[in-house]
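Here's the structure, in structure tokens; my notes come after.
In our numbering, the protein residues as written are 302 to 440.
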């Protein structure tokens, strides 16, 4: 396990964003909300080239990481779809466990955000769709 994943587990957070060895953003939020929070609070300019450590990275989270311009992603659990996206975009990644797909909290159905991005390959398009869906869910 990478030192970033160890630090993530020790922190009790669900997402840590690093610039070098410094944590510039952290969140205990669930799902893709922490990544959207990082984009909103830090801004895209401040995220270019960062490293993220996340508990679960599926396609939706992978597309958000690509939108942010990350250089490296560390995940406790990663989906095969996320791996393919990172490989295709030349983003380094490290993980502790692999899964076919990210499922919803009930463990049976696809995560709604995974279902949402199934036909999307453009990170900007995925960001807009995810942000809109999350706003609908919160309303």
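Don't be surprised by glycine CBs; every beta carbon is placed ideally from N, CA and C.
(1) Quick one: measure Cβ to Cβ for residue 374 and residue 387, integer angstroms, because I've assumed they're closer than 8 Å.
(2) Taking the alpha-carbon of residue 303 as reference, which of 399, 394, 325, 351 has the nearest alpha-carbon?
(3) From residue 334 to residue 389, what distance separates their C-alpha atoms?
(4) Name the residue from 426, 350, 315 whose alpha carbon lies nearest to the alpha carbon of residue 328.
(5) Which class does residue 346 belong to by DSSP, given the choice of helix, strand or coil?
(6) Can you tell me where the beta strand (DSSP E) with residue 325 in it begins and where it stops?
(7) Should residue 392 and residue 367 be called a contact, given that it needs their Cβ atoms to be closer than 8 Å?
(8) Under the rule that 16 or more other beta-carbon atoms within 10 Å means buried, what is residue 440, buried or exposed?
(9) Who pairs with residue 380 in a beta bridge, going by DSSP?
(10) Do residue 427 and residue 365 have their CB atoms nearer than 8 Å?
(11) From the DSSP output, in three-state form, read off residue 421 for me.
The relevant details are as follows:
(1) 6 Å
(2) 394
(3) Answer to the nearest angstrom: the Cα atoms are 24 Å apart.
(4) 315
(5) helix
(6) 323-328
(7) yes
(8) exposed
(9) DSSP, once it has assigned bridges, lists 400 as partnering residue 380.
(10) Result yes, Cβ atoms of residue 427 and residue 365 sit closer than 8 Å.
(11) coil
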